Each structure stands twice: as C-alpha cells, then as structure tokens.
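Enquirer: I have a structure here, written as structure tokens, and I will follow up with some questions on it.
This is the structure in structure tokens:
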C-alpha cells in the first residue's frame, strides 16, 4: 500500500517520465471505496452495495444477521465467500432456491454495511499462502472444493475457491 510520503516521491518520479495530472487522494478505485488513515487503509464496497440495493429495489427490505437459512442446502458454512461461491456455481441454470439465497446475501449485506478489509501500515512484508480442499463436499455430485488465500504480511491480497471439475477418488487427489 502507498502512503503519503511515498506517494509524493512516486508522483514526482511519474511526472518526470510521463505527462499526467494528480487528482488528489484516492477515494474510489475499481468500485472499491478507499479510506486512508494514518495507521492504514480500509477498503470496502458500501457504495456499490447501496447502489445494488437501489437498483433491485431492496433499499426498504429488512436486514438479516445471518447469510443462510437454517435449512441451508449447501452445508453449515456461513461465510460470505462460501455463500457467494455457492450461488455463483448455479448462475447458468439457477433455480428459485438460488434466487432466495442471493436475496439473503443482499439482506445480510444491508445489515452489515461496514464490512471491508483493513490493511495496517505497520505490517511484515512476507508473502504467505494457504490452501485447502474438502473431499467430496458437494452432496449433489460428490465433487470437492479447493480454496486458498494469500497474504502479504498481515494483508490479505487474494482469495479464491473453486469446485473441482472431476470427482476425486482419494483425499490426496482432492
């Protein structure tokens, strides 16, 4: 992450090499809200979530404290990443239950407007990666899901999950 002193140096170097203009402090970038503070940077999508609620006339719908129904057909995991990945898998041929799940995600986001990522200024600078997979976790087709995340110091920089295309025949293969 770039902070004020480094930002000024970078700007001066860029002005020497390229024709450009400085537009001030970064507030939005690729749909992300950027809040810069002395001790770090906070990234969120509050405005985007609000725009989506308005677009689909969800502004007056009550919020939800949970992501999924108690009769969750996709298992017990209630993280936002899991819920979104589960819905994304069915976007080609969605059913009514998938629409209901997306509505639950919208209601959850309405009740949690300040979700985001905090990147502290003082943080180690080592790259660490984690990955994991389940073994036949999808009850419909017994396919496994693989996921992972990468950190630069304590800063999360990438995460992903993907349902595997084949059925694993062992935990090692999964």
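Residue numbers (full-length UniProt numbering): 1 to 174.
Virtual Cβ for every residue (Gly too), placed ideally from N, Cα, C.
Since the model is a prediction, treat every value here as computed from it, not as a measurement.
Please report the Cβ distance between residue 26 and residue 117, rounded to the nearest whole angstrom; I am assuming they are in contact, meaning their Cβ atoms lie under 8 angstroms.
Expert: With a Cβ gap of about 15 angstroms, residue 26 and residue 117 do not count as contacting.
Enquirer: Measuring alpha carbon to alpha carbon, tell me which residue in 115, 164, 165, 101 is nearest residue 49.
Expert: With distances taken between Cα atoms, residue 49 lies closest to 115.
Enquirer: I'd like the ranges of any alpha helix (DSSP H) spanning at least 4 consecutive residues and lying wholly in the region 1–50.
Expert: Listed in chain order, they are 4–17.
Enquirer: Buried or exposed for residue 82, going by 16 or more other Cβ atoms inside 10 Å?
Expert: Result: buried.
Enquirer: Of the residues 127, 168, 86, 107, which one's Cα is nearest the Cα of residue 98?
Expert: Looking at the Cα atoms, 86 is the closest of the given residues.
Enquirer: Counting C-beta neighbours from all protein chains within 10 Å, is the total for residue 130 16 or more, i.e. buried, or is it exposed?
Expert: With fewer than 16 other Cβ atoms within 10 Å, it is exposed.
Enquirer: Cα separation between residue 33 and residue 123?
Expert: About 21 angstroms.
Enquirer: Using a 10 Å radius around the Cβ and a threshold of 16 neighbouring Cβ atoms, would you call residue 145 buried or exposed?
Expert: Flag for residue 145 reads buried.
Enquirer: Can you tell me where the alpha helix (DSSP H) holding residue 99 begins and where it ends?
Expert: Looking at the DSSP string, the run of the alpha helix (DSSP H) that includes residue 99 is 96–111.
Enquirer: Which word fits residue 22, buried or exposed, when buried means at least 16 other C-beta atoms lie within 10 angstroms of its C-beta?
Expert: Burial call: exposed.
Enquirer: Residue 66: which of 79, 113, 58 sits nearest, CA to CA?
Expert: Measuring from the Cα of residue 66, the nearest candidate turns out to be 79.
Enquirer: Would you call residue 88 buried or exposed, if buried means 16 or more other Cβ atoms sit within 10 Å of its Cβ?
Expert: Label assigned to residue 88: exposed.
Enquirer: In terms of alpha-carbon separation, which member of 127, 154, 103, 56 lies closest to residue 40?
Expert: Of the listed residues, the one whose Cα sits closest to residue 40 is 154.
Enquirer: Check each candidate in 121, 102, 151, 51 and name the one with the smallest Cα separation from residue 186.
Expert: A query on residue 186 cannot be resolved here, the shown segment of the chain reaching from 1 to 174 and no further.
Enquirer: Distance check for residue 168 and residue 54, CA to CA, integer angstroms please.
Expert: Taking the straight line joining both Cα atoms gives about 43 angstroms.
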